[in-house]
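For the sequence shown, my numbering begins at 5 and goes up steadily by one. Each residue gets a CB set at the ideal place from its N, CA and C atoms; glycine is no exception. Worksheet for the structure shown next.
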Amino acid sequence: MAGVKRGPAGDLTLVVGWLALLWAIFIVDIVLRTVFDIWIAGWLGLLPRSRDGLLGILTSHLLHANLTHIAMNSLGLFILGWASCRYSRSLTALAVLYSMLCAGVLTWLIGSLNGPLAVHIGASGVVFGLIGWLMANGIFRRDWRAIIITVLVVVLYGSALAGALPSNDPALAQISWEMHLGGFVGGVLASWHLRKAKA
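Here you go:
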């Protein structure tokens with residue numbers, strides 16, 4: 005991160021680079037699926053309570069099922085990632101790591117094995133982790149920048165937190181609420197654990 009200039013443009017460069025990596029993986033995955041009938045989600049996705057799914061605790065966040073899936077996650081990652089990097093690049097990297105680990109571990113422990121969610125993939129756990137991280141910073145850190153960002157995130161993303169709860173709605177059957185909940189918890193834990201770290 006030290007090689008990228010400080011300031012809004014440098015933060016934007018980091019976030020766009022992160023998204024470019026996700027899109028490159030998505031394109032390779034699509035080519036492998038359509039041309040060779042190779043589904044890397046079977047290897048790198050998260051299969052709950054399975055030894056084969058352990059790697060997915062870290063790698064499932066890099067995979068997406070379709071264009072809508074990656075587009076929706078990219079929008080959240082762009083907005084929240086940039087806001088978080090504006091606050092602190094190094095703390096953002098740690099918050100993302102906490103979110104990935106908590107989302108992955110919780111989903112591995114309690115995730116659904118039914119229907120289309122037998123294998124869990126997607127960066128939405130990181131999106132929810134950034135929501136939790138940015139919301140909790142205003143509470144735990146109490147500096148003016150963190151409080152302003154917290155208010156903005158609550159206004160923009162507060163209603164999204166319903167996605168971190170189980171639902172009987174058939175329209176939400178393909179959404180991994182476990183990944184969302186774990187990511188959110190990871191973001192809040194990161195905020196609490198890093199509350200005294202310099203931003």
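**Asked** Looking at the structure shown, is L50 part of a helix, part of a strand, or coil, going by DSSP?
**Response** One-based indexing of the sequence shown puts residue 50 at position 46. Reduced to three states, the DSSP call for L50 is strand.
**Prompt:** What's the gap between the Cα of L67 and the Cα of M183?
**Reply:** Mapped onto the sequence shown, residue 67 falls at position 63. Mapped onto the sequence shown, residue 183 falls at position 179. Whole-angstrom Cα-Cα distance: 13 Å.
**Request:** Could you check what DSSP says for H197 in three-state terms: helix, strand or coil?
**Result:** Within the sequence shown, numbered from 1, the residue matching residue 197 stands at position 193. Residue state, collapsed to three classes: helix.
**Message:** On a Cα-Cα basis, can you pick out the residue from I143, L101, V192 and L79 that is closest to G136?
**Reply:** Here residue 136 refers to the residue found at position 132 when the sequence shown is read from its first residue. The candidate whose alpha carbon is nearest that of G136 is V192.
**Asked** Using DSSP with H/G/I as helix, E/B as strand and the rest coil, what is H124?
**Response** Locating residue 124 in the sequence shown gives position 120, where the first residue counts as 1. If DSSP states are grouped into helix, strand and coil, H124 belongs with the strands.
**Prompt:** How would you call W47, buried or exposed, if buried means at least 16 neighbouring beta carbons within 10 angstroms?
**Reply:** In the sequence shown, counting from the first residue as 1, residue 47 sits at position 43. W47 comes out exposed.
**Request:** Take the Cβ of L57 as the centre, count every other Cβ of all protein chains shown within 10 Å, and call the residue buried at 16 or more, exposed below.
**Result:** Position 53 of the sequence shown, counted from the first residue, corresponds to residue 57. Note on residue identity: the sequence assigns Gly, not Leu, to residue 57. Classification for G57: buried.
**Asked** From G129 to A164, what distance separates their C-alpha atoms?
**Response** Here residue 129 refers to the residue found at position 125 of the sequence shown. Here residue 164 refers to the residue found at position 160 of the sequence shown. Approximately 12 Å between the Cα atoms of the pair.
**Prompt:** Quick one: Cα of S180 to Cα of R90, how far?
**Reply:** Residue numbering aside, residue 180 sits at position 176 when the sequence shown is read from its first letter. Residue numbering aside, residue 90 sits at position 86 when the sequence shown is read from its first letter. Cα to Cα, S180 sits roughly 29 Å from R90.
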